[in-house]
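Chemist: Here's a structure for you.
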């Protein structure tokens, strides 16, 4: 069945590995009959910095408070056009793919600034004016899928379970769990390409093929089984004692 | 003894909690006789987005590759002035404090863009042209201290060891371990203020007092005991089998 996919990406060089992956994404999804929405952050000149210019019609002109202005601008339809456009794309999408190089173990600033600005109060948090009631599995983006496609400079070993950088999926937890699952999306396991700066033509082709196969399963794959806040597994926003008993840390929020 | 401290901060509103903390930092350190260097990213209009404009004198004008251009610009002293100025501040500092609101479990984009752009190849990574030889405890910033001072919107429970967001120190591992310890700095445990958007005047005063006391120990506190890459505890960039035996994840890189 034909779906709509939003592809957000962050690399200015058309011949970069990230952009080869973007081209493969476009081609594969279009061939499957899906509709593609794109946010090419560099070519859009996306404004990364979240500041007073985001709120031309302030509820409090005296003192600038982000959450207050964000909630007011969202509720009164006075957000900037670029932000509104991205929110509409998110709402129209059945799946969202973020494609980017891993910089200092996180998103490039331009992509972080897309999250910072588009994720308004009332939209991605404070949904329905009910504080934290809808989050982690519930929220405005519930029912959609999300997937990170990450180009990693270092070798896979360094990101392995005992690798010196830390396991990739844990380093990305603030994004997968904190930014994608938070407003309700089902998050697939991250698709990583390692040694990204220095791949042979053959390896690039093989990696692109693996990515195309992965994409073909976009709507069939099982997501990371993050525990839903409203599933009964949390008590006062802490994991109930009898679940993952005695354990702590990021991974207890995955139901293995 | 008098030291030099670099304070990098990211909030545009002078009356915000972040900026009250900045003022307290200034006052406390100055009273102690330290010299303060400051990077007020919003007022500087810091360019967050790392792009071709960072490299006016390209080694390869045909194809834009970040690592290549970064290494070339750094080695040939052709970086942009804003980046060079921040690198000089880092080199002059005995301690670096990053003060910011936690947005979507990470740094505001403007601060991430400070890392992305200032952390050049040859400087923060690829030190001495030797790939990954100097990192995690060794590197150009070795001997300096680093400290995150973070204003967190949510309650402390949500960031506790079994809290639904994940433990704060694990969410910040990509910054503490990945961005600060990586080029050699000794990282102190994060100083967090929770419920930051909604504190009474009394609580703010109490939190500022706690922060001042913390700052007085800046050069005396024991840092987080992250394991040094070149300490013999790693083999092929994985933690040696006999250390934290059978365990995986971010926290095995801390020597408890």
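Chains as they are written, first to last, in our numbering: chain A, 1 to 256; chain B, 257 to 512. Yeah, the Cβ is synthetic: ideal placement off N, Cα and C, and Gly gets one too. Predicted, not measured: the structure shown is a model, and the values here were computed from it.
Here's the rule: buried if 16 or more other CB atoms are within 10 angstroms of the residue's CB, otherwise exposed. What is residue 262(B)?
Modeler: buried
Chemist: On the DSSP letters alone, give me the boundaries of the alpha helix (DSSP H) that residue 229(A) sits inside.
Modeler: No alpha helix (DSSP H) holds residue 229(A); DSSP gives it neither H nor E.
Chemist: Just to confirm the assignment, what range does the beta strand (DSSP E) spanning residue 40(A) have?
Modeler: 35–40 is the extent of the beta strand (DSSP E) around residue 40(A).
Chemist: What residue range does the beta strand (DSSP E) around residue 355(B) cover?
Modeler: 351–357
Chemist: How far does the alpha helix (DSSP H) with residue 469(B) in it extend, from its first residue to its last?
Modeler: 457–472
Chemist: Hey, quick one: how far does the beta strand (DSSP E) through residue 146(A) stretch, first residue to last?
Modeler: 145–151
Chemist: Alpha carbons only, please: which of 423(B), 264(B), 289(B) and 274(B) is nearest the one belonging to residue 472(B)?
Modeler: 289(B)
Chemist: Opposite residue 510(B) in the DSSP bridges: which residues?
Modeler: 482(B)
Chemist: Please list the residues of the segment 128–141 of chain A that have a C-beta atom closer than 7 Å to any C-beta atom in chain B, keeping them in chain order.
Modeler: So the close ones are 136.
Chemist: With a Cβ-Cβ cutoff of 8 Å, do residue 109(A) and residue 372(B) count as a contact?
Modeler: Yes, they are a contact pair.
Chemist: From 352(B), 483(B) and 408(B), pick the residue whose C-alpha is nearest to that of residue 282(B); which is it?
Modeler: 352(B)
Chemist: With DSSP as the reference, label residue 213(B) as helix, strand or coil.
Modeler: The requested residue 213(B) is not part of the displayed model; chain B covers only 257 to 512.
Chemist: Check each candidate in 164(A), 10(A) and 107(A) and name the one with the smallest Cα separation from residue 43(A).
Modeler: 10(A)
Chemist: Residues bridged to residue 492(B) by DSSP?
Modeler: According to DSSP, which records beta bridges pairwise, residue 492(B) is partnered with nothing at all.
Chemist: On a Cα-Cα basis, can you pick out the residue from 284(B), 414(B) and 484(B) that is closest to residue 600(B)?
Modeler: Within the shown structure, residues of chain B are numbered from 257 to 512, placing residue 600(B) beyond reach of any answer.
Chemist: Tell me where the beta strand (DSSP E) around residue 432(B) begins and ends.
Modeler: It is not in any beta strand (DSSP E) - residue 432(B) carries neither H nor E in the DSSP assignment.
Chemist: Measure the Cβ-Cβ separation of residue 163(A) and residue 157(A) and say whether it is below 8 Å.
Modeler: yes
Chemist: Name the DSSP bridge partner or partners of residue 4(A)?
Modeler: In the DSSP output, where bridge partners are listed per residue, residue 4(A) has 35(A).
Chemist: Residue 250(A) CB to nearest chain B CB: under 8 Å?
Modeler: yes
Chemist: Can you tell me whether DSSP reads residue 313(B) as helix, strand or coil?
Modeler: coil
Chemist: Leaving out five residues on either side along the sequence, give the residues of the same chain with a beta carbon under 6 Å from the beta carbon of residue 134(A).
Modeler: 127
Chemist: Rank 368(B), 404(B), 443(B) and 379(B) by C-alpha distance to the C-alpha of residue 331(B) and give the top, closest one.
Modeler: 379(B)
Chemist: Could one say the Cβ of residue 343(B) lies closer than 8 Å to chain A's Cβ atoms, at least one of them?
Modeler: no
Chemist: Which residues in chain B have a C-beta closer than 9 Å to the C-beta of residue 67(A)? List them in chain order.
Modeler: 409 and 453
Chemist: How far does the beta strand (DSSP E) with residue 448(B) in it reach, from first residue to last?
Modeler: 447–449
Chemist: Can you look up residue 121(A) in the DSSP assignment and give me helix, strand or coil?
Modeler: When DSSP states are grouped into helix, strand and coil, residue 121(A) belongs to the strand group.
Chemist: Which stretch, first to last residue, makes up the alpha helix (DSSP H) that contains residue 160(A)?
Modeler: No alpha helix (DSSP H) holds residue 160(A); DSSP gives it neither H nor E.
Chemist: Who pairs with residue 339(B) in a beta bridge, going by DSSP?
Modeler: Paired residues: none, contrary to the question.
Chemist: Return no unless some Cβ of chain A is closer than 8 Å to the Cβ of residue 448(B).
Modeler: no
Chemist: Please name the residue, chosen from 209(A), 79(A), 38(A) and 199(A), that lies closest to residue 53(A) on a Cα-to-Cα basis.
Modeler: 79(A)
Chemist: Can the beta-carbon of residue 442(B) be found less than 8 Å from the beta-carbon of residue 470(B)?
Modeler: In this structure, residue 442(B) lies away from residue 470(B), with their beta-carbon atoms at least 8 Å apart.
Chemist: Going by DSSP in three states, residue 186(A) sits in which element: helix, strand or coil?
Modeler: strand
Chemist: Would you mind telling me which residues of chain B sit closer than 8 Å to residue 52(A), beta carbon to beta carbon, in chain order?
Modeler: 268
Chemist: Should residue 239(A) be flagged as near chain B, meaning a C-beta pair shorter than 8 Å?
Modeler: yes
Chemist: In the DSSP assignment, the alpha helix (DSSP H) including residue 69(A) goes from what residue to what residue?
Modeler: 66–75
Chemist: Does chain A have any CB closer than 8 Å to the CB of residue 459(B)?
Modeler: Not an interface residue.
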